[in-house]
Amino acid sequence: MIWKPNVTVAVVVEQNGRYLLVEEEPEAGCGLFLNQPAGHLDPGESIIQGAIRETLEETAYTFEPEYVLGIYQWYSHRADTNYIRFAFGGCVTHHDPEQKLDAGILRASWFGFDEINQMIQRHRSPLVMQCIRDHLAGKRYPLELLMHYES
Numbered sequence: 009m010i011w012k013p014n015v016t017v018a019v020v021v022e023q024n025g026r027y028l029l030v031e032e033e034p035e036a037g038c039g040l041f042l043n044q045p046a047g048h049l050d051p052g053e054s055i056i057q058g059a060i061r062e063t064l065e066e067t068a069y070t071f072e073p074e075y076v077l078g079i080y081q082w083y084s085h086r087a088d089t090n091y092i093r094f095a096f097g098g099c100v101t102h103h104d105p106e107q108k109l110d111a112g113i114l115r116a117s118w119f120g121f122d123e124i125n126q127m128i129q130r131h132r133s134p135l136v137m138q139c140i141r142d143h144l145a146g147k148r149y150p151l152e153l154l155m156h157y158e159s
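In terms of this note's numbering, the sequence shown opens at residue 9 and continues consecutively.
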């Protein structure tokens, strides 16, 4: 058997001390979780394109990536799955409140650090808080770090 990690993208957007998160129920009956706008990379898209698409699908905001926040590896015992997360920082511009959000996404909202920290038991993964801490620590890497090739 060939081992393949799940490649995911996520974005950290902060405005006026508040972070954009989504409330999601990924599977019926498994509970309500908080996560950054995030998801799996689609076939044929670049990692940056995936981050832009996922943000729009989950929040109805247009995301403009400004930097790579970090690359994270996490093993979920519950799912028996390895995840490689490419996280980006940037800003959001246009918002379409009429846009239907992805299945499983209940809403996108802005939360302060203390609120997010108090709800840590509802985080989809430990990467939610780690990405916010890295953002607050000023971690920033150029987008040119990532190269996309097609044949």
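Backbone N, C-alpha and C fix where the C-beta goes; we use that ideal spot for every residue, glycine too.
The structure displayed is predicted, hence computed values, not measured ones.
Can you check which of these residues, 108, 153, 96, 122, is closest to residue 16 by C-alpha distance? Within the sequence shown, numbered from 1, the residue matching residue 16 stands at position 8. Nearest C-alpha to residue 16: 96.
What distance in whole Å lies between the Cβ atoms of residue 132 and residue 42, which are believed to be in contact at a cut-off of 8 Å? Start at 1 with the first residue of the sequence shown, and residue 42 comes out as number 34. Start at 1 with the first residue of the sequence shown, and residue 132 comes out as number 124. Sure, about 7 Å apart at Cβ, within 8 Å.
So which of 154, 19, 82 has the shortest CA-CA distance to residue 61? Within the sequence shown, the letter at position 53 stands for residue 61. When each option's Cα is compared against that of residue 61, the closest is 19.
Rounded C-beta distance between residue 112 and residue 53? I'm assuming under 8 Å. Your numbering for residue 112 matches position 104 in the sequence shown. Your numbering for residue 53 matches position 45 in the sequence shown. Actually they do not touch by this definition, with Cβ atoms about 20 Å apart.
CB of residue 74 within 9 Å of CB of residue 151, strictly: Numbered from 1 along the sequence shown, position 66 holds the residue referred to as residue 74. Numbered from 1 along the sequence shown, position 143 holds the residue referred to as residue 151. In this structure, residue 74 places its C-beta atom within 9 Å of the C-beta atom of residue 151.
According to DSSP, is residue 43 helix, strand or coil? Here the question's residue 43 lines up with position 35 in the sequence shown. Three-state DSSP puts residue 43 in a strand.
From the DSSP output, in three-state form, read off residue 26 for me. On the sequence shown, residue 26 is found 18 positions in, with the first residue counted as 1. In this structure, residue 26 counts as strand in the three-state DSSP scheme.
Exposed unless 16 or more other CB atoms sit within 10 angstroms - verdict on residue 139: Here residue 139 is taken as the residue at index 131 of the sequence shown, counted from 1. Residue 139 counts as buried, since no fewer than 16 other beta carbons sit within 10 angstroms of its beta carbon.
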